[in-house]
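Peer 1:
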Amino acid sequence: MTILNPNYIYIDNTFKENIAVAFDKQIEAIDTMENLRKQYPEATIKQGRRNSVLYPGFINTHVHLEFSANKTTLQYGEFMPWLNSVIANREDLVAKCDNELMLKACEEMMHSGITTFGAISSFGAELEVCMKTPQKVLFFNELIGSSASTADMLYGDFLERLDASKKCGRGIIPAIAIHSPYSVHPIVLKRAVEIAKNEKIPLSAHFLESEAEREWLEEDAGEFLEFFQKFFSTSTSVTDIAEFMESFDNTPTHFTHAVQATKEELEYLANRGHSIAHCPRSNRLLGCGRLEVEELIKLDMPFTLATDGLSSNHSLNIFDELRAALMMHHMESINRLSNLLIKSITSIPADIFHLNSGEIAIGKDADFALINLPDQPHSLDDIALQTILHTQKVDNLFILGEDIRFV
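Spelled out as structure tokens, the structure:
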């Protein structure tokens, strides 16, 4: 048994003082330090530094590890030039991205308090790394294939990767990712969604990330027209926006980006129990626009904050992402937004994916991120904001009660 005693603790989406937590792999008790010492006299005591804040371990719902070798290779500024640079450099980047590099990416996430992440996997190459990292991993096997002639072959490969992730056991949660509306044939999309529904497997999908995507799906025109003519010898999209959304009607899905979704489309998704993964730095770097989170708030639609991968970001540090979101969404009160952003990497993703984590409560997994503020906060109401502004990395990280040591 371990007792962890911070100055401040994040419980029930608020901050409290003079509260400690006792845990093994799960949280056993939450009380004053005095009472916990009496209850567990043999427990190991871990005292937080002055101005320490204990959070549940953070959850990063959307990461592409396979592009962790990218630094300055890919072209930013607009979506289609970026996509073309990905295609041109993909082989080299994937070849450079060995297990050691991907493990370093996992360590970078741990430095910023991430105890669980969603790995979007195109080929299954990340599976070994995800089994080695101490973190829990939602392993999203990605389905791709818009051409009817190759869809069945690619679907078979997808099933093999999904089966492999099911056999991993501890730490790996098998999941399904749909690459995008423009890249997955409706027939195989329907099959994959049925698997997710019947087997209760987490499901995600890229959706309306760019203006080019919207124009292609609506009008069979724009920058994607030349792209599909060049690479796939077609001038028509395999689906449209309405058909794609309807494919998920009975299966709650975590849609990634949705930057170009209309208010009506967001309302449609919200009314069917879906949620959004928001990647502000990636959206900015690719010139995709701003997700209007104020509309999600009005719709009471859950959203998570995620880093995306290093193909469209400069770090996997969740504090960098929090700061970007804080500055991007100026329409909301800064304290209200700060608290919502903390929820977006703790209790909200845990609820979406039915994880036994994301909050400090008895019976939950003992996943913690202990941070230290540079000074005493003016009030408890300021702690979320001050955490976002001043934190680069955590002091300590616990996963299933284990104090994780990293360089």
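For the sequence shown, the numbering used here begins at -13 and goes up steadily by one. Virtual Cβ for every residue (Gly too), placed ideally from N, Cα, C. Remember, predicted model here, so these are calculated numbers, not experimental data.
Confirm, please, whether the CB-CB distance from T373 to L359 is below 8 Å.
Peer 2: By 1-based counting over the sequence shown, the position of residue 359 is 373. By 1-based counting over the sequence shown, the position of residue 373 is 387. Yes, the Cβ-Cβ distance between L359 and T373 is below 8 Å.
Peer 1: Since F1 and L366 should fall inside the 8 Å C-beta cutoff, what is the C-beta to C-beta distance between them, to a whole number of angstroms?
Peer 2: Against the sequence shown, residue 1 aligns to sequence position 15. Against the sequence shown, residue 366 aligns to sequence position 380. The pair is a contact, with the Cβ atoms about 4 Å apart (cut-off 8 Å).
Peer 1: Compute the beta-carbon to beta-carbon distance between M(-13) and A6, rounded to the nearest angstrom, for a pair I have assumed lies under 8 Å.
Peer 2: One-based indexing of the sequence shown puts residue -13 at position 1. One-based indexing of the sequence shown puts residue 6 at position 20. With 8 Å as the limit, M(-13) and A6 do not qualify as a contact, their Cβ atoms being about 12 Å apart.
Peer 1: Beta-carbon separation of L296 and S54 under 8 Å?
Peer 2: Translated into the one-based positions of the sequence shown, residue 296 becomes position 310. Translated into the one-based positions of the sequence shown, residue 54 becomes position 68. Yes.
Peer 1: Assuming the contact rule is C-beta atoms closer than 8 Å, I385 and V39 should be a hit. Round their C-beta distance to whole Å, please.
Peer 2: Within the sequence shown, the letter at position 399 stands for residue 385. Within the sequence shown, the letter at position 53 stands for residue 39. The Cβ separation is near 18 Å, so there is no contact.
Peer 1: Taking the alpha carbon of S219 as the reference point, which residue from R276, F103, M66, S132 has its own alpha carbon closest?
Peer 2: Position 233 of the sequence shown, counted from the start, is the residue given in the question as residue 219. Per the Cα distances, S132.
Peer 1: When burial is assigned at 16 or more other CB atoms within 10 Å of the CB, is M66 buried or exposed?
Peer 2: Here the question's residue 66 lines up with position 80 in the sequence shown. So M66 ends up on the buried side.
Peer 1: Inspect the beta-carbon positions of C116 and E195 and report whether they are closer than 8 Å.
Peer 2: Along the sequence shown, read from residue 1 onward, the residue named residue 116 stands at position 130. Along the sequence shown, read from residue 1 onward, the residue named residue 195 stands at position 209. No, they are not a contact pair.
Peer 1: How is the beta strand (DSSP E) around E403 delimited, first residue to last?
Peer 2: One cannot answer for residue 403 here, as it falls past the ends of the chain, which runs -13 to 393.
Peer 1: Quick one: using the 10 Å Cβ neighbour count with 16 as the cut-off for buried, is I227 buried or exposed?
Peer 2: The residue given as residue 227 occupies position 241 in the sequence shown. Only buried fits I227, as 16 or more other CB atoms lie within 10 angstroms of its CB.
Peer 1: Are the beta-carbon atoms belonging to L371 and S333 less than 8 Å from one another?
Peer 2: Position 385 of the sequence shown, counted from the first residue, corresponds to residue 371. Position 347 of the sequence shown, counted from the first residue, corresponds to residue 333. Their beta carbons are not under 8 Å apart, which means L371 does not touch S333 by this criterion.
Peer 1: Does the beta-carbon of S166 have 16 or more other beta-carbons within 10 angstroms, so that it is buried, or is it exposed?
Peer 2: Residue mapping note: residue 166 aligns to position 180 of the sequence shown, counting from 1. By the neighbour-count rule (16 or more Cβ atoms within 10 Å), S166 is buried.
Peer 1: So, helix, strand or coil for P42, using DSSP?
Peer 2: Your numbering for residue 42 matches position 56 in the sequence shown. DSSP places P42 in strand when its eight states are reduced to three.
Peer 1: Please report the straight-line C-alpha distance between E251 and I31, rounded to a whole angstrom.
Peer 2: On the sequence shown, residue 251 is found 265 positions in, with the first residue counted as 1. On the sequence shown, residue 31 is found 45 positions in, with the first residue counted as 1. When rounded, the distance between both Cα atoms is 51 Å.
Peer 1: By alpha-carbon positions, which one of A256, D235, A105 ends up nearest to P244?
Peer 2: In the sequence shown, residue 244 corresponds to position 258, counting from 1. According to the sequence provided, residue 244 is Ala. The question's Pro does not apply to it. It is A256 whose Cα lies nearest to the Cα of A244.
Peer 1: Just the Cα atoms here: how many angstroms apart are I162 and F234?
Peer 2: By one-based count along the sequence shown, residue 162 stands at place 176. By one-based count along the sequence shown, residue 234 stands at place 248. When rounded, the distance between both Cα atoms is 13 Å.
Peer 1: Contact between the segment 185 to 192 and the segment 141 to 161 is defined here as three or more beta-carbon pairs at a separation below 8 Å; is this criterion met?
Peer 2: yes
Peer 1: With a 10 Å radius around its C-beta and 16 neighbouring C-beta atoms as the bar for buried, classify I328 as buried or exposed.
Peer 2: Translated into the one-based positions of the sequence shown, residue 328 becomes position 342. Answer is buried; the Cβ neighbour count reaches 16.
Peer 1: Sorted by chain position, which residues of the same chain lie with C-beta nearer than 8 Å to N127's C-beta, five sequence neighbours on each side aside?
Peer 2: One-based indexing of the sequence shown puts residue 127 at position 141. Excluding positions up to five away in sequence, the list reads S107, G110, F144, R147, L148, S151, P160, A161, I162, A163.
Peer 1: Within 10 angstroms of the Cβ of A207, are there 16 or more other Cβ atoms? Answer buried if so, exposed if not.
Peer 2: Working through the sequence shown from its first residue, we reach residue 207 at position 221. Residue environment analysis places A207 among the exposed positions, since fewer than 16 neighbouring C-beta atoms fall within 10 angstroms of its C-beta.
Peer 1: I need the straight-line Cα distance from T102 to E199, nearest angstrom please.
Peer 2: Within the sequence shown, residue 102 is the residue found at index 116, counting from 1. Within the sequence shown, residue 199 is the residue found at index 213, counting from 1. Whole-angstrom Cα-Cα distance: 30 Å.
Peer 1: Below 8 Å, how does it come out for the segment 277 to 294 and the segment 333 to 343: are there three or more Cβ pairs, yes or no?
Peer 2: yes
Peer 1: Excluding the 5 residues preceding and the 5 following M96 in the sequence, name in chain order all residues of the same chain whose CB lies nearer than 7 Å to its CB.
Peer 2: Looking up residue 96 in the sequence shown gives position 110. Here the set comprises Q121, L383, I390, F392.
Peer 1: By Cβ distance, which residues of its chain are closer than 7 Å to N342, with the 5 residues on each side in sequence left out?
Peer 2: As a position in the sequence shown, residue 342 is number 356, starting the count at 1. Cβ within range, chain order: K350, D351.
Peer 1: Need the endpoints of the beta strand (DSSP E) that A355 sits in, please.
Peer 2: To locate residue 355, count along the sequence shown from 1; it is residue 369. A355 -> beta strand (DSSP E) spans 354 to 358.
Peer 1: Leaving aside the five residues before and after E229 along the sequence, list all residues of the same chain whose C-beta is less than 7 Å from its C-beta, in chain order.
Peer 2: Stepping through the sequence shown from its first residue, residue 229 is reached at position 243. Once the five neighbours on either side are set aside, the close Cβ partners of E229 are P172.
Peer 1: Bridge partners of A263, per DSSP?
Peer 2: Numbered from its first residue, the sequence shown carries residue 263 at position 277. DSSP lists T242, T290 as partners of A263.
Peer 1: Given a cut-off of 8 Å, decide if I346 and I13 are closer than it, judged by their beta-carbon atoms.
Peer 2: Here residue 13 refers to the residue found at position 27 of the sequence shown. Here residue 346 refers to the residue found at position 360 of the sequence shown. Yes; because the gap between Cβ atoms is below 8 Å, this pair is in contact.
Peer 1: Would F241 pass as a contact of F210 if the rule is Cβ separation under 8 Å?
Peer 2: Taking the first residue of the sequence shown as 1, we reach residue 241 at position 255. Taking the first residue of the sequence shown as 1, we reach residue 210 at position 224. Cβ distance not < 8 Å, so F241 and F210 don't count as in contact.
Peer 1: Should S169 and I130 be called a contact, given that it needs their Cβ atoms to be closer than 8 Å?
Peer 2: Here the question's residue 169 lines up with position 183 in the sequence shown. Here the question's residue 130 lines up with position 144 in the sequence shown. Taking 8 Å as the Cβ cut-off, S169 and I130 qualify as a contacting pair.
Peer 1: What are the residues that DSSP puts in a beta bridge with H192?
Peer 2: The count along the sequence shown starts at 1 and reaches residue 192 at position 206. DSSP output for H192 lists T242 as bridge partner(s).
Peer 1: Could you pull out every unbroken alpha helix (DSSP H) segment of at least 4 residues lying fully inside the segment 168 to 222, listed in chain order?
Peer 2: 172 to 185, 197 to 205, 209 to 218
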